[in-house]
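Asker: Quick one: the structure is below, and I'll ask about it shortly.
In the UniProt record's numbering, the protein residues as written are 1 to 543.
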C-alpha cells in the first residue's frame, strides 16, 4: 500500500500536485486518426501506440468534454478531453485530449485529480486553437519540477493539507477533514444511488478479488470514479487483515485498471496466461470500458456490470445496472441486501437534510467533483421533494435487481407467524438491530458522507472477518477437545452465524460467497448447516 494511502485504503496526501512524468496532447487527424501532437517526458516511458487510445475511449467524440482515468505501465494517467468547433474539412469538430502520467507511488491515481481542473482548462483552450501549445509548455515547466512538501502550487504554505489528508477513515472525528475537489471518492453518494442494493453484491465480488468490468457509454468520468470507489470500499482494513491467513498480503486491495479498451485486450490476455502458467489464483481487478467487444472475451473477466444510458436518470425513468457472471448468469441482491440498502438510503437522506438545515454541508457535497449540486440534490431528495426516498427505489427495483422470496422462506415465515409470532418477530428484530448497529449514525462523520459510506462498508468487512475468526477459533478448540477427525478442518456455520456476519440466511448466493471467501482468505472448507420443522406432515428446511 502506498505511503499516501489511509489505514483503510483511500488515497490521500497533501494538496501538492504530483510531479509529472509525462505530458501530452492528443489530436484527431482525419487521415491517420488519433495522434500525439505534442509531448514531454521526464522518465523513460513509451507513449506512442498506447496513450492516444487510453486517453480517448471509443465513442468519446459524442460528448463535449470528459475526464478519463487510466493506467499505463507503472504510471497513473489522467486526460481531459474537449471537442471544439472546426471547419467542414475537419468534420466540423476538433477533438483534443490533454493527458498526464504520474507515479503511482502516491496511490492508485497518484493524486492526479489535483490537476484535473487545470487539464480541463488547457483542453478547452486547445480545442479552439490546437496549434497554440504555449499553455502546455508553461504547464510542463510548472509541474515537472520537484515540489516542496506542504506547499501549494502558488508557493504558499498549505494550511489545509493535514485537514485533507484523511489520515484514517473509520476513526476520524475532526470536522474539518475534507476531500479536495475532483477527488474520485466524492462520487461515493452517486455510486450507492446508481447501484442500489447491488452495491453489496459488488462488494462480495470485489472481496473475492474477481475480475470486474463496468461497461457503459461515454462520458466515462463517473464510471472511472466507480472503479475507484469499489477498489476503496473492498480494501481490507488493517485491524481486520491481522486475522487472515499468511500469504494473503497481496490481496488486501483490489487493483484498479480504470478505463480500458480494445488495445488493452493483449495485456489482459497476458495477465490471464501468466496466472495459468504459474498455477496461481487469477489476479483480480476492476475496470471500466466503452468497448463492448471486450465482453465477448469471456475468459478475460469474471463479472460484467452493464451501465445503461439512463442509469443516472430520474427514478421514474430509471433502468438499473445489470450484473452478470462471464457465462451470462444474472446476479441479484438478496432480500437482506435490499433491507440494508433502504436503511442506508434513509440515513443518507437524513444526514444530508440535517446538513442543509444546519448550513454546514461539507465540501464535496455542495460541489461534487467541482461540478454543480444538481446531481446531489436529485440523489438524496429532501423533505420538500415530491417523492420519499423509499418511493424513489421501491417502485423501480423489484424483480430487476433483487432475488425473489423463496418458497421455503414464505412457508417458514407463515408457520412461525401461526405457531409463534413472538419468536419470529424477535428473530427479525435482532437481525434488523444488527444491521442498524452496523450502519450507525452517519452524522458522526462531519467530514462528509463519502467518508461515512467508506466507514460503513469497511465495518461490514471487519464484521465478516472477525466473525469468521471467532468461529474458526471456537471450532479449533472443540476439535482439540473432541479429536473428531471426520470434521477436522471443516468450518460448520449455522443460521445464526450467517446472520451475525451480515449475510442472508435464505440466500444460496450468500452461502456460496461465504464458502469461497473462507477458502480464499482462511484456507478452510465451510459446511453450512440448517434445520427444519415439520408442519402438517411437510418438512420445511430452514437455512
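Built from N, CA and C at the ideal position, the CB exists for glycine as well.
Work out the CA separation of residue 226 and residue 437 for me, nearest whole Å.
Answerer: Locating residue 437 in the chain shown gives position 437, counting from the first residue. Locating residue 226 in the chain shown gives position 226, counting from the first residue. So the alpha carbons of these two residues sit roughly 26 Å apart.
Asker: Could you confirm whether any beta carbon from chain D is found closer than 8 Å to the beta carbon of residue 79?
Answerer: Among the protein chains of the structure shown there is no chain D, as only one such chain exists.
Asker: Bridge partners of residue 27, per DSSP?
Answerer: Residue 27 sits at position 27 when you count from the first residue of the chain shown. The partner list for residue 27 (beta bridge, DSSP) reads 35 and 96.
Asker: For the candidate residues 93, 139, 59 and 51, whose alpha-carbon lies nearest to that of residue 77?
Answerer: Start at 1 with the first residue of the chain shown, and residue 77 comes out as number 77. Minimum Cα distance to residue 77 is reached at 51.
Asker: Taking contact to mean 3 or more Cβ pairs, one atom from each stretch, closer than 8 Å, check whether the segment 246-263 and the segment 332-340 are in contact.
Answerer: No, the segment 246-263 is not in contact with the segment 332-340.
Asker: Mapping the DSSP letters down to three states, classify residue 121 as helix, strand or coil.
Answerer: Translated into the one-based positions of the chain shown, residue 121 becomes position 121. Looking at residue 121 - three-state DSSP - the assignment turns out to be helix.
Asker: Measure the alpha-carbon distance for residue 45 versus residue 39 and round it to whole angstroms.
Answerer: Taking the chain shown and counting its residues from 1, the one referred to as residue 45 is at position 45. Taking the chain shown and counting its residues from 1, the one referred to as residue 39 is at position 39. Each residue's Cα considered, the two are about 12 Å apart.
Asker: When the distance is taken between beta carbons, is residue 98 closer than 8 Å to residue 189?
Answerer: Here residue 189 is taken as the residue at index 189 of the chain shown, counted from 1. Here residue 98 is taken as the residue at index 98 of the chain shown, counted from 1. No.
Asker: Our contact map puts residue 68 next to residue 187 with C-beta atoms below 8 Å; I'd like the distance itself, whole angstroms only.
Answerer: Within the chain shown, the letter at position 68 stands for residue 68. Within the chain shown, the letter at position 187 stands for residue 187. With a Cβ gap of about 15 Å, residue 68 and residue 187 do not count as contacting.
Asker: Inspect the CB distances between the segment 289-298 and the segment 253-272 and report whether three or more fall short of 8 Å.
Answerer: Enough Cβ pairs lie closer than 8 Å, so yes.
Asker: To the nearest angstrom, report how far apart residue 204 and residue 431 are at their CA atoms.
Answerer: Residue numbering aside, residue 204 sits at position 204 when the chain shown is read from its first letter. Residue numbering aside, residue 431 sits at position 431 when the chain shown is read from its first letter. If I take the Cα positions, the gap works out to 20 Å.
Asker: In whole angstroms, give me the CA-to-CA distance for residue 131 and residue 144.
Answerer: Residue 131 sits at position 131 when you count from the first residue of the chain shown. Residue 144 sits at position 144 when you count from the first residue of the chain shown. Their backbone Cα atoms lie some 22 Å apart in a straight line.
Asker: Quick check on this structure: which residue in 228, 266, 254 and 192 has the alpha carbon closest to the alpha carbon of residue 70?
Answerer: Looking up residue 70 in the chain shown gives position 70. Closest option to residue 70, Cα to Cα, is 228.
Asker: Less than 8 Å between the CB atoms is what I'm expecting for residue 516 and residue 208, so what's the real figure, rounded?
Answerer: Numbered from its first residue, the chain shown carries residue 516 at position 516. Numbered from its first residue, the chain shown carries residue 208 at position 208. Sure, about 6 Å apart at Cβ, within 8 Å.
Asker: Below 6 Å CB to CB, which residues in the same chain sit around residue 522 once its five sequence neighbours on both sides are set aside?
Answerer: In the chain shown, residue 522 corresponds to position 522, counting from 1. Cβ within range, chain order: 245.
Asker: For a minimum of 3 consecutive residues, which ranges assigned as the beta strand (DSSP E) are wholly contained in the segment 243-275?
Answerer: If we require 3 residues or more, the beta strand (DSSP E) runs fully inside the segment 243-275 come out as 256-259.
Asker: By the DSSP assignment, the beta strand (DSSP E) with residue 72 in it spans what residues?
Answerer: By 1-based counting over the chain shown, the position of residue 72 is 72. Its beta strand (DSSP E) spans residues 65-72.
Asker: Identify every residue that forms a DSSP beta bridge with residue 564.
Answerer: Residue 564 lies beyond the stretch modelled for the chain, which goes from 1 to 543, so this question has no answer here.
Asker: For residue 529, count neighbouring Cβ atoms within 10 angstroms of its own Cβ and tell me buried if that reaches 16, exposed if not.
Answerer: Position 529 of the chain shown, counting from 1, holds the residue named residue 529. Flag for residue 529 reads exposed.
Asker: By alpha-carbon positions, which one of 270, 268, 232 and 342 ends up nearest to residue 252?
Answerer: By one-based count along the chain shown, residue 252 stands at place 252. The shortest C-alpha separation from residue 252 is found at 232.
Asker: State buried or exposed for residue 310, treating a residue as buried only when at least 16 other CB atoms are found within 10 Å of its CB.
Answerer: As a position in the chain shown, residue 310 is number 310, starting the count at 1. By the neighbour-count rule (16 or more Cβ atoms within 10 Å), residue 310 is not buried but exposed.
Asker: Could you check what DSSP says for residue 287 in three-state terms: helix, strand or coil?
Answerer: For this step, residue 287 is matched to residue 287 along the chain shown. Here residue 287 sits in strand by DSSP.
Asker: Could you tell me which residues DSSP puts in a beta bridge with residue 214?
Answerer: Taking the first residue of the chain shown as position 1, residue 214 is located at position 214. DSSP output for residue 214 lists 288 and 305 as bridge partner(s).
Asker: Excluding five sequence neighbours on each side, which residues of the same chain lie with their C-beta closer than 7 Å to the C-beta of residue 343?
Answerer: Translated into the one-based positions of the chain shown, residue 343 becomes position 343. Excluding residues within five positions, the ones whose Cβ falls inside 7 Å are 435, 436 and 439.
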